[in-house]
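Residue numbers (my numbering): 75 to 336.
A short write-up of the structure that comes next.
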């Protein structure tokens with residue numbers, strides 16, 4: 075890619091600049107563009123993905139914490155200048171940009187904060203109908219994995235409670251500068267038509283997180299903090315380990331705890 079060395083990749087920011095145009099185009103094409111008119115790209119770097127988003131019939135915004143990348147983008151993408159935000163995605167209130175409008179998220183995400191990006195997306199799920207991006211391969215697989223898998227966990231359940239998760243393709247380290255030490259994986263999250271749970275959603279998050287904190291124990295032991303009644307603990311579901319439960323099982327479990335008469 076021309077001008078590749080104009081921005082120095084910074085290790086503390088987890089930067090690995092994608093330099094394969096075909097992969098950038100493929101990632102941009104993962105979004106359906108249905109149900110929203112705005113897209114937010116996280117960590118655009120030097121804009122290899124950005125330029126393909128700008129060709130689409132949407133309004134592209136980018137958020138970047140690296141001031142050197144910000145300068146590069148402002149100099150090379152003049153038509154984007156007023157939609158470049160030098161902010162920390164994890165700390166910034168995105169309503170400052172989008173108010174209550176729906177928007178999609180996309181990006182080649184820094185590995186060191188990729189899970190936190192997903193958790194913030196889940197918090198804003200009312201406004202984010204679609205999410206696409208590149209993660210460390212094992213994280214992408216974990217998000218998309220089903221019950222019974224060794225990598226199935228908190229991130230899998232919480233994401234799949236609200237989104238349909240699809241692992242799309244694997245990306246080799248050789249297409250980055252500098253190359254990471256692991257493969258990357260691109261995934262797509264599409265918000266479910268009915269993304270409101272038939273149980274207390276805050277309690278659902280607590281139950282899932284608490285259950286997986288001691289994933290080798292049965293739920294009867296790992297969920298003791300909820301002071302379950304003896305009658306409820308006799309239910310067969312509490313004899314299972316968390317990785318044996320699908321999303322619908324965790325919803326059922328949350329409802330049982332919510333209605334427990336202890």
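The beta-carbon is built from N, C-alpha and C at its ideal position, and this holds for glycine as well.
- Nearest-angstrom Cα distance between residue 105 and residue 207? 10 Å
- Query: Just the Cα atoms here: how many angstroms apart are residue 324 and residue 182?
  - Reply: 31 Å
- Query: Looking only at its own chain, which residues have a Cβ that is under 6 Å from the Cβ of residue 235, when we skip the five neighbours before and after it?
  - Reply: Within the same chain, Cβ atoms closer than 6 Å to the Cβ of residue 235 are found at 321, the five residues on either side in sequence being excluded.
- Which ranges would you report for the beta strand (DSSP E) in the stretch 209–249 if only whole runs of at least 3 residues count? 237–245
- Can you give the Cα-Cα distance for residue 330 and residue 193, rounded to whole angstroms? 25 Å
- Task: Just list the alpha helix (DSSP H) runs in the stretch 110–148, keeping only unbroken ones of 4 residues or longer that don't cross its boundaries, in chain order.
- Result: Within the stretch 110–148, the complete alpha helix (DSSP H) runs of at least 4 residues are 124–127.
- Three-way DSSP call (helix, strand, coil) for residue 262 in this model: strand
- Message: Is the beta carbon of residue 202 closer than 7 Å to that of residue 179?
- Response: yes
- Excluding sequence positions up to five away, which residues of its chain have a Cβ less than 7 Å from the Cβ of residue 312? Contacts found: 292, 293 and 294.
- Message: Could you give the first and the last residue of the continuous alpha helix (DSSP H) run that contains residue 187?
- Response: Segment: none, residue 187 is in no alpha helix (DSSP H) and carries neither H nor E.
- Query: Looking at residue 184 and residue 117, is the spacing between their C-beta atoms short of 7 Å?
  - Reply: yes
- Of all the beta strand (DSSP E) runs that stay within the bounds of the stretch 253–302, which reach a length of 3 or more residues? 258–265
- What residues are listed by DSSP as bridge partners for residue 251? 91
- Task: Quick one: residues in its chain with C-beta nearer than 6 Å to the C-beta of residue 219, no 5 flanking neighbours on either side, listed in chain order?
- Result: 225, 226 and 230
- Item | Through-space distance from residue 211 to residue 154, alpha-carbon basis | About 30 Å.
- Message: Let me check understanding here. Comparing Cα to Cα, which of 171, 131, 216 and 174 lies closest to residue 188?
- Response: 216
- Message: Checking the sheet assignment: what are the DSSP bridge partners for residue 178?
- Response: Note: residue 178 sits in a beta bridge opposite 113.
- What are the boundary residues of the alpha helix (DSSP H) that includes residue 305? Note, residue 305: alpha helix (DSSP H), 304–307.
- Query: Using the C-alpha atoms, what's the distance from residue 137 back to residue 96?
  - Reply: 23 Å
- Message: So residue 254 and residue 90 are supposed to be a Cβ contact under 8 Å. How far apart are they, rounded?
- Response: 5 Å
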